[in-house]
């Protein structure tokens, strides 16, 4: 409760301070109103008062920037107050050459937005300081002395508070004991002066009463004197001492003279007392000022007591640190070693810098080589694409050439076969001619006596064959015609379809051969690239990829820069390190902290360096083909590719053989069909059948049931067409 009460009293004092300073500000008779707190928050009255205090600094141009018609806009108020406060701070610093850092600056937001009297009082307190420290300060001090006693006391307290903050450093140099003794002495003098003042005031009151009484007596005596004078004038002359009136007059005159002398003496004493009272009042004012100063000094002494306690603790700590100072002095002797270490670190840094420069040069060369390699790769890819296209074209042309060669070979074989058949047919024709000539001779010899066109000749030819053979011959002839028509259509369609399928299969096979060959070439190129990479990795050794090297290089550059900065800091610390007894302990503490920090940084750098080395070793192990298990996987994949290529080749050969067998069978059957159609006699059919059977046997062509059935059907059909008996 006591703290809340004290805080409330302080707030009340601040409000009273604001009101008293507002009353003091009204003595400037500014054009802007300044009777209430809200009117003062605009800043117009304060700026006009400052202009009256020092027109040279707070000029007309500056006063024109202060807006008066701000209304309730707290932002404009804030802008005005900010300009005023900044100008007063500059006035203290530049004109008065005084620092006000110890005094808290007012919160202008509270003043402008909430009209806070506490913060406004601080601003007015700054204005009061400007007034009492300017060139016309005597005028403003006299104006302050003419104010009411309560207002005057508050204004003087505010002024002393402001001056105490400025004189803190001056009084801080005095010993605390002298301040306390001076404060006690000043308080005693103040008490004596107050008691003396009270006594003098009481004496003055008594003298005033006596003077009043004497004046009344004097007045009464003067009145009585006048009356007596009138009576004396009426009765007789006062100059005659023999008369009672003369005696009375002389006595009264003597008494009057004594009273006048006493009056003069009392007036002189009164004047002396008045002068002494004025002097005592002046002394009282001075004592009050001194009392206020001593009060501030008492506060300062209390603060200094606290500082003294802190300094005592610091002195105790300094005593404790003296032992460590000795050890630090001994450690200072080891600074030569540190300097040598710094030189070694500088040499290492230079070597690192040279290595860094060389690595950067290699990195630039590698980047240039990489760019050229990328262009070469693109060119190689383009050439590979063109090569693939040309290979496909060459394969297509080779396929067409092969097809034409096969056609040519087939035509040549067909030509040879036709020549052989032609020769055999010639021989057969000769034999048939001989047989026909023999039959004609026999018929002519047997039928010499009969006419050539008689009906008996026809009957004889018809009766040579039996009836069942004639019926069977007619029926087979009809069936042969029907089957021949059907067979021609179906066989032609089947042959065209088979030829189309054969061409598609050959084209597909050619494309697959091309793709397979390109794949083998690609695999070979990849194997060559893998071998080149392995050789490059073996040649590079501990070199990693460029990106990793670049990152590592950047990290090392940062570390080198940090180490260089640390070395420069150590140099500065070593150069600035001097045996100053007053600052030895602080410098030693800073030096030990810096050394500890640098040792920690060096250890951290060594750990990072070891970590980077371990990472580099891991990368080298990962890229080394002798230690990399991925090589076995690549070899296994190569073996699988080789097995697959062999399997593909064997399947292609089997497919080609099967297609060739099928194609040869179809060609044989087709040729046999064509030959059978051209033949009209049984002997020719039998001869051709035997010929093709021998060809099939010689070629080891598989003679399927379908082919055998078709041949038998064609033999039967040919026999029917040639009117010859058919026997299997």
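Residue numbers (UniProt numbering): 1 to 728. Note that CB positions come from ideal geometry on N, CA and C, so glycine has one too. Here the structure is a predicted model, which is why all the values come from computation and not from measurement.
- Short of 6 Å from the beta carbon of residue 503, and not among the five residues preceding or following it, lies no beta carbon of its own chain.
- Look at residue 34 here: in three-state DSSP terms it is coil, with no helix or strand label.
- Our two residues, residue 274 and residue 259, have alpha carbons roughly 22 Å apart in a direct line.
- Between residue 44 and residue 74, the C-beta spacing is not below 7 Å.
- Around the C-beta of residue 116, 16 or more other C-beta atoms lie within 10 Å, and the residue is accordingly described as buried.
- With a threshold of 16 other beta carbon atoms within 10 Å, residue 310 falls short and is exposed.
- Counting C-beta pairs closer than 8 Å gives fewer than three between the segment 124-132 and the segment 61-75, which falls short of the contact rule.
- In the three-state scheme derived from DSSP, where H, G and I count as helix and E and B as strand, residue 44 is classed as helix.
- By a beta-carbon distance limit of 8 Å, residue 42 contacts residue 77. Their separation comes to about 6 Å.
- Here residue 125 really is in contact with residue 162; their C-beta atoms are around 6 Å apart, less than 8 Å.
- When the beta-carbon positions are compared, residue 121 and residue 200 stay at least 7 Å from each other.
- The alpha-carbon separation between residue 160 and residue 292 amounts to approximately 7 Å.
- Burial of residue 28 is indicated by the presence of at least 16 other C-beta atoms within 10 angstroms of its C-beta.
- Selection 223, 109 and 155 evaluated against residue 19 yields 155 as nearest (Cα-Cα).
- Between residue 127 and residue 46, the C-beta gap is smaller than 7 Å, which places the two residues in contact.
- For residue 66 and residue 31, the gap between their C-alpha atoms comes out near 13 Å.
- Residue 92 is not a Cβ neighbour of residue 84, given a cutoff of 7 Å.
- Taking residue 52 as the centre and dropping the five residues before and after it, the same chain places the C-beta of 28 closer than 7 Å to its C-beta, in chain order.
- Under the DSSP assignment, residue 97 falls outside any alpha helix (DSSP H); it carries neither an H nor an E label.
- Taking C-beta separations shorter than 8 Å and ignoring five residues to either side along the sequence, the partners of residue 38 in its chain run 115, following chain order.
- By the neighbour-count definition (other C-beta atoms within 10 Å, threshold 16), residue 106 is a buried residue.
- Cα atoms of residue 360 and residue 618: separation of roughly 23 Å, rounded to the nearest angstrom.
- In the structure shown, residue 213 adopts helical secondary structure according to DSSP, grouped into three states.
- Rounded to whole angstroms, residue 68 and residue 150 show a C-alpha spacing of 31 Å.
- With the rule of 3 Cβ pairs closer than 8 Å, the segment 219-234 counts as touching the segment 248-255.
- Contact between residue 197 and residue 280 is confirmed by a C-beta separation of about 5 Å, below the 8 Å threshold.
- DSSP, reduced to helix, strand and coil, places residue 71 outside both helices and strands of the structure shown, so it counts as coil.
- Residue 79 and residue 55 have their C-alpha atoms some 21 Å from each other.
- Between the alpha carbons of residue 97 and residue 142 lies a distance of about 24 Å.
- Look at residue 277 here: in three-state DSSP terms it is helix.
- Residue 301 sits away from residue 164, with the two beta carbons spaced by 7 Å or more.
- Within 10 angstroms of the beta-carbon of residue 508 lie fewer than 16 other beta-carbons, which makes it exposed.
- Taking all protein chains in view, the Cβ of residue 88 is crowded by 16 or more other Cβ atoms within 10 Å, so the residue is classified as buried.
- Counted as a single uninterrupted DSSP element, the stretch harbouring residue 66 is not any alpha helix (DSSP H), since DSSP gives it neither H nor E.
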